[in-house]
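J.: This is the structure I want to talk about, given as structure tokens.
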Amino acid sequence: MDENNYMSCNFDLQEGEAILPVHFVGVRPDLFKNGAEVIVEGIYMNGVFEADILQTKCASRYEGDLRDADSYNLEEVSI
0 MDENNYMSCN FDLQEGEAIL PVHFVGVRPD LFKNGAEVIV EGIYMNGVFE ADILQTKCAS
60 RYEGDLRDAD SYNLEEVSI
């Protein structure tokens with residue numbers, strides 16, 4: 000593993016007025032930067048989403064809305 004691409008970071012995901020603090024430790028995605036659209040997987044714990052997977056969303060790689068996919072599962076999180 001290239002240690003130059005390994006990172007520990009805290010950032011906020013925002014949609015409209017909703018803000019979700021995220022903590023991630025792992026390999027930095029190639030397109031990860033301020034303002035990038037991301038996909039995170041992990042658990043919500045003690046007021047922070049602990050992401051164990053972080054992917055950047057690239058519009059050219061994704062077509063349509065993820066919510067249209069058969070496997071889409073929305074879980075509402077209460078803070």
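For reference, each letter of the sequence shown is one residue, going 0 to 78 in numbering that gives the first Met the number 0. We put the beta carbon where it would ideally sit given N, CA and C, even for glycine.
Check the DSSP bridge columns for A50 and list the partner residues they point to.
T.: According to DSSP, which records beta bridges pairwise, A50 is partnered with F23 and G41.
J.: Count the other CB atoms within 10 Å of the CB of P28; is the residue buried (16 or more) or exposed (fewer)?
T.: The residue in question, P28, is buried, as its Cβ has 16 or more Cβ neighbours within 10 Å.
J.: Can you tell me whether A50 is buried or exposed, with buried defined as 16 or more other CB within 10 angstroms of its CB?
T.: Under this definition A50 is a buried residue.
J.: Helix or strand or just coil, what does DSSP make of E14?
T.: Looking at E14 - three-state DSSP - the assignment turns out to be strand.
J.: What residue from C8, Q13, V21 and E2 has the CA that sits closest to G34's CA?
T.: Considering only alpha carbons, the answer is Q13.
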